Amino acid sequence: MTDRLRHLVAIPLFVLAMPLAAQDMSAFKTGPVFDDFGPHAPVAGAAAVPEATELRHSFDVSEAAKNGKANRYIESAARFINMHAAAGVEAEDIAVAVVVHGDASMDLLRQSAWEAKGQSGVNGSHALVRDLLDVGVRVILCGQSAAAHGITPDDLIPGIEMALSAMTAHALLQQAGYSVNPF
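Structure (structure tokens):
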């Protein structure tokens, strides 16, 4: 196949695939709990969340934030809270924990530790983590990952808990009735 023929075939396929990749995010809004994080959209026809529902949910986060932005996997906790509060679940009936390990451990550093560890710019996850802690979300760092990254408790944003390991944190959270986010 000639280069010209390859291009003639590839261009229409690319154009046809473009609408599949496009997403309409216009319906996604933040709030009612977090104004700066956790966008979610109303879903027409979705079953109502049963009255008196209690949600205990944990998020497993190992991938670091990208390009100085807030960690999108940590932000899933804010989206979970906003989405369910908007759906009528009472704040006292939503318990969330974020278990952080691996490279995402760096997203839990206070700014001075961020810089001391050679990270450039600002920690884009700092405000998000602070907001989560302020509403009672448990943010738990894997002690094994902390040791591997040379992170001490003094390096962390105040309020972050340290566990022996992420596995330990998840086991204890499950014993306390938390489900683990499957994705």
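For the sequence shown, the residue numbers in my numbering are -6 to 176. Built from N, CA and C at the ideal position, the CB exists for glycine as well. In this text the structure is predicted, and so the values were computed from the model without any measurement.
Asked	Found
For H50, the residue or residues it bridges with in DSSP	V89, S172
Inter-residue Cα distance where the pair is G136 and A39	40 Å
Whole-angstrom C-beta distance between S98 and L134, which should lie under 8 Å	6 Å
Simplified DSSP assignment, three categories, for A40	coil
Burial state of V2 (16 or more Cβ within 10 Å)	Note that V2 scores 46 on pLDDT, short of 50, meaning its location in the model is unreliable and no value can be drawn from it.
Unbroken beta strand (DSSP E) run spanning A97, endpoints	No beta strand (DSSP E) holds A97; DSSP gives it neither H nor E.
C-alpha gap between A84 and H94, whole angstroms	27 Å
DSSP three-state assignment for M18, whether helix, strand or coil	coil
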